[in-house]
Amino acid sequence: MNPLKKKPRTKEISTIPERPDWMKVRLRFPVEDDAVGIVRKTVSKSTIHTVCESASCPNLNHCWSRKTATYMIAGDVCTRRCKYCDVAFGKPSSLDSLEPIQVAESALELNLNYVVLTSVNRDDLVDGGSAHFAETIYEIKRRLPNCKIEVLVPDFKAKRESLDRIYAAKPDLFNHNIETVRELFAKVAPSKNYETSLIVLKDASEHGFPTKSGIILGMGETEEQVVQALKDLYYVGVRMITIGQYLQPTPTHLPIVEYVKPEQFVRLGKIAREIGFTNVASSPLVRSSYHADEQSKHSLT
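Going by numbering that gives the first Met the number 0, the first residue of the sequence shown is number 0, and it counts up by one from there.
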C-alpha cells in the first residue's frame, strides 16, 4: 500500500445523546376524520412538501389540529449545507410552475386560517426563488383573502430585487431565522452570514412588516452570547422571537452539545421580554412556526 496515498474523506460520526424526559413527545396517530388526519390526507394527495413532515417537527399535531400549516416551496433540495439541518443538499430540480397553484388549492381545501411559506435556499436561481415565493402568496390570497400568510425566507443574499418581490406580494409577517449566535455562525452555517441575516431583517422592518426571527440552542453557545444575539435582533427591528432546542438529525450532523434545561428557556424568554420583544416563544420544543397563528395575533391586529 502506498503510504502517500490519501485516504478518502469520511463524514464525522457522533453519538446522539438520549433525549431527556422534557424532550419526549407522545405522538398520536390520527384517524382520517380528525383535523390532523384530514390535513395529512390532503397533503399526501399532492406533490407539495410541508416542513411539518419533512423536518419531523414535534409540534405537528398541535399545528395541524389548529388548521395551520407550513409549506416548503421551491423543492426539497438546498444549495447550502448548514451542519445542523436535515434538508438534502445538492443541485435542485427546476421550479415547478404549478406549485404556487397547488399550494393555494391545498390551503383552500383545508380552509386554513394561517399559512407559513418557507423554502430551501435556491442560490442556483438569479432571484433566489423570490418570484416563486411571491406567486405563491398571490395565489393563496386570491383563494383565501382572509388567510394570514407568514413568509419564512432565506436571506436571498440580501439582494434588493429579491426582497422587493417579497414585499410587493404583501405577506402579513416576515420571518427570517438567525439560527445561532454570531460566534458559532461560521461553524454551524458556513455558507451563510450573520450580518447578512441582520441586514435582511432590518430591511423588512424598515419596509413596515412585522418581523420575526428564531434561535436554536444546544450547539455550544453561552447564555451571554444568546442575550447579545437577542439584542442584535431587537436593534434591527425584530419584535417576535422563537427560541428552541437543537435536535441532531443524524450522527453525521453537527453534534449536539447539550439539552438546555426548561428553566433556562424560561429565563431567556424573560430576558427577551425585558429587552422589548412583544412576542416571545421560548421552550425546548418551540420551532419557528410553533403556534405561529397565536404568536402573530398581537402583531397583526
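Even for Gly, the Cβ is constructed at its ideal location relative to N, Cα and C. It should be emphasised that the depicted structure is a prediction, and the values quoted were computed from it without experimental measurement.
Please report how far the alpha carbon of residue i lies from the alpha carbon of residue j, in whole angstroms.
| i | j | result |
| --- | --- | --- |
| residue 94 | residue 207 | 30 Å |
| residue 172 | residue 15 | 35 Å |
| residue 85 | residue 250 | 11 Å |
| residue 279 | residue 89 | 34 Å |
| residue 100 | residue 136 | 10 Å |
| residue 185 | residue 225 | 16 Å |
| residue 210 | residue 277 | 11 Å |
| residue 113 | residue 238 | 19 Å |
| residue 203 | residue 23 | 36 Å |
| residue 264 | residue 144 | 36 Å |
| residue 140 | residue 13 | 45 Å |
| residue 266 | residue 222 | 10 Å |
| residue 67 | residue 110 | 9 Å |
| residue 229 | residue 270 | 9 Å |
| residue 103 | residue 71 | 12 Å |
| residue 83 | residue 215 | 10 Å |
| residue 274 | residue 236 | 12 Å |
| residue 148 | residue 253 | 32 Å |
| residue 205 | residue 116 | 21 Å |
Assign residue i to buried or exposed, taking buried as 16 or more other Cβ atoms, counted over all protein chains shown, within 10 Å of its Cβ.
| i | result |
| --- | --- |
| residue 234 | exposed |
| residue 87 | exposed |
| residue 19 | exposed |
| residue 174 | buried |
| residue 281 | buried |
| residue 199 | buried |
| residue 178 | buried |
| residue 97 | exposed |
| residue 138 | buried |
| residue 69 | buried |
| residue 191 | buried |
| residue 284 | buried |
| residue 319 | As displayed, the chain neither begins before 0 nor continues past 300, which places residue 319 out of reach and without an answer. |
| residue 194 | exposed |
| residue 169 | exposed |
| residue 220 | buried |
Check the DSSP bridge columns for residue i and list the partner residues they point to.
| i | result |
| --- | --- |
| residue 147 | 113 |
| residue 242 | 214, 281 |
| residue 125 | Its beta-bridge partners do not exist; DSSP assigns none. |
| residue 118 | 72 |
| residue 87 | 76 |
| residue 174 | 151, 211 |
| residue 67 | 113 |
Report all residues from its chain with a CB closer than 6 Å to the CB of residue i; omit the five preceding and five following residues, and keep chain order.
| i | result |
| --- | --- |
| residue 122 | 78 |
| residue 128 | 73, 118, 121 |
| residue 213 | 176, 241, 287 |
| residue 81 | 188 |
| residue 301 | One cannot answer for residue 301 here, as it falls past the ends of the chain, which runs 0 to 300. |
| residue 248 | 85 |
| residue 17 | none |
| residue 268 | 279, 281 |
| residue 163 | none |
| residue 272 | 279 |
Got a sec? Which residues, its chain only, sit under 7 Å from residue i by beta carbon, not counting five neighbours each side?
| i | result |
| --- | --- |
| residue 161 | 126, 127, 129, 155 |
| residue 165 | 129, 132, 133, 150, 152 |
| residue 217 | 244, 245, 255, 256, 257, 258, 259 |
| residue 21 | 261, 283 |
| residue 231 | 197 |
| residue 107 | 142, 143 |
| residue 158 | 127 |
| residue 124 | none |
Once you ignore the five residues that flank residue i on each side, which residues in its own chain have a CB closer than 8 Å to its CB?
| i | result |
| --- | --- |
| residue 227 | 180, 181 |
| residue 92 | 74, 76 |
| residue 146 | 106, 111, 112, 113, 114, 139, 140 |
| residue 201 | 235, 236 |
Next item on the list: Please specify which runs of the beta strand (DSSP E), each continuous and at least 3 residues long, are wholly inside the region 184-209, giving them in chain order.
Entry: none
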